[in-house]
Amino acid sequence: MVNYHTHSHYCDGQGELQDYVDYALAHNFTALGFSGHAPVPFENRFAIPESDYERYCDEVRALKSEYAGRLDIKLGLEIDFIPNLLDDFRPLIERGGLDYCIGSVHLVVNPDGDPSDLWFIDGSKREVYDEGLQRVFGGDIRKGVQSFFRQSCDMLERNRPTIIGHFNKIVMHNAGRYFSEQDAWFRSLVRDTIDQIAACGTICEINTRGIYRKRHDDYYPSREIIKYMDSLHIPVVVGSDAHNPEDLDNFCGAYEYLHEINYRNIVTEII
């Protein structure tokens, strides 16, 4: 087993890095990636503080050396792509000497609005999603969703991250209230994003966190989308988006599903 999407006490997760290593070894993992939320240039409660970035990188590298031959540990980050605030991943990658990065969009900018006003589409509170949609996009869900996917495509084109994280997570707090995932305009945006993923050669994450946290009834992206990605031979990696060590193997049948549909490009090792 492998898991490259994890969050520890350095950001919004729980547990020491050593706790994740211990759990991985006890459960026969072959590889473990640390992907703390990258520092962002504004006050927040979810990302690695700027002052802790070097310490985080040094600790992962020390564990990587200590457990070489027993567990393939990788140093990574989950980097938020935020236009005009965090739109170039290279400085963080080079400064940390990263093995890989996950590129994600959690904070959506209205291209016609205030670039510092961000719609937070993640988290546990649906009312935050609703309030942000109203504040940033005047309640225009279609424009908000279009901006999310266009921001994702811009991230792919500009940064070519190793992995794109939960690329349709915009649906989590929608829960069928504002739009249907079968709407033609939504399906078109998804297809365009998948085409961009394929063009960039980026690995697409199959994220299981929504299921085991009971916030969604499918993977990010969904089973239907996964089947389309297979037709384009897009590489996928299963990630639990672990926020504590016990989440590491919460894969919710994802590997079984991928094998059931004979998915052709499942990544089990990041070089």
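Quick note on numbering: my numbering labels position 173 of the sequence shown as 375, and the sequence is numbered without any gaps. Virtual Cβ for every residue (Gly too), placed ideally from N, Cα, C. From a predicted model like this one, the values you see are computed outputs, not experimental measurements.
Boundaries (first-last residue) of the beta strand (DSSP E) holding residue i
| i | result |
| --- | --- |
| V392 | Premise fails: V392 lies in the alpha helix (DSSP H), A386 to C402, not in any beta strand (DSSP E). |
| A474 | There is simply no residue 474 to check, as the chain begins at 203 and stops at 473 in what is shown. |
| D432 | Here D432 belongs to no beta strand (DSSP E); instead the alpha helix (DSSP H) covers R425 to S433. |
| E407 | I405 to N409 |
| F322 | L320 to F322 |
| I275 | D274 to D282 |
| V310 | L309 to V311 |
| Y302 | Y302 to S306 |
Identity of the residue in the options nearest residue i by Cα
| i | options | result |
| --- | --- | --- |
| V311 | G346, S210, Y430 and G441 | G346 |
| G235 | R379, E359, F248 and K276 | K276 |
| D301 | L309, K266 and I396 | K266 |
| N409 | S390, H229, V262 and N370 | N370 |
| I304 | S326, Y422 and S237 | S237 |
| P363 | I343, D290 and D342 | D290 |
| R168 | V373, E383 and L450 | Any answer about residue 168 is impossible in this case: the structure gives the chain only from 203 up to 473. |
| R415 | G325, S382 and Y206 | G325 |
| N230 | P243, R272, H207 and A386 | R272 |
| I428 | R393, N452 and E245 | R393 |
| P241 | Y465, G367, Y212 and F322 | Y212 |
| Q384 | H207, H435, S424 and P251 | S424 |
| G278 | N205, S318, L288 and E268 | N205 |
Cβ-based burial, residue i [other Cβ within 10 Å; buried from 16]
| i | result |
| --- | --- |
| E407 | buried |
| L320 | buried |
| G412 | buried |
| F351 | buried |
| A249 | buried |
| G340 | exposed |
| E471 | exposed |
| A270 | exposed |
| I433 | Checking the sequence, you will find Ser at residue 433 rather than Ile. Under this definition S433 is an exposed residue. |
| G299 | exposed |
| N361 | buried |
| D443 | buried |
Pairwise C-alpha distance: residue j and residue i
| i | j | result |
| --- | --- | --- |
| I405 | D316 | 32 Å |
| I463 | E426 | 11 Å |
| L294 | V440 | 24 Å |
| R263 | L309 | 29 Å |
| A228 | M203 | 12 Å |
| Y225 | A233 | 12 Å |
| V469 | R379 | 34 Å |
| P437 | N467 | 5 Å |
| V283 | S390 | One detail in the question is off: residue 283 reads as Phe in this sequence, not Val. Computed Cα separation, rounded: 22 Å. |
| R292 | V307 | 17 Å |
| R500 | S210 | A query on residue 500 cannot be resolved here, the shown segment of the chain reaching from 203 to 473 and no further. |
| F381 | H375 | 11 Å |
Endpoints, the alpha helix (DSSP H) within which residue i is located
| i | result |
| --- | --- |
| K371 | Taken as a continuous stretch (DSSP letters only), K371 belongs to no alpha helix (DSSP H), as it is neither H nor E. |
| E245 | From DSSP, E245 is part of no alpha helix (DSSP H); its letter is neither H nor E. |
Contact between the segment 326-333 and the segment 249-266 (3+ Cβ pairs under 8 Å): no
The segment 210-224 in contact with the segment 454-471 per 3-pair CB rule at 8 Å: no
The segment 354-361 in contact with the segment 392-400 per 3-pair CB rule at 8 Å: yes
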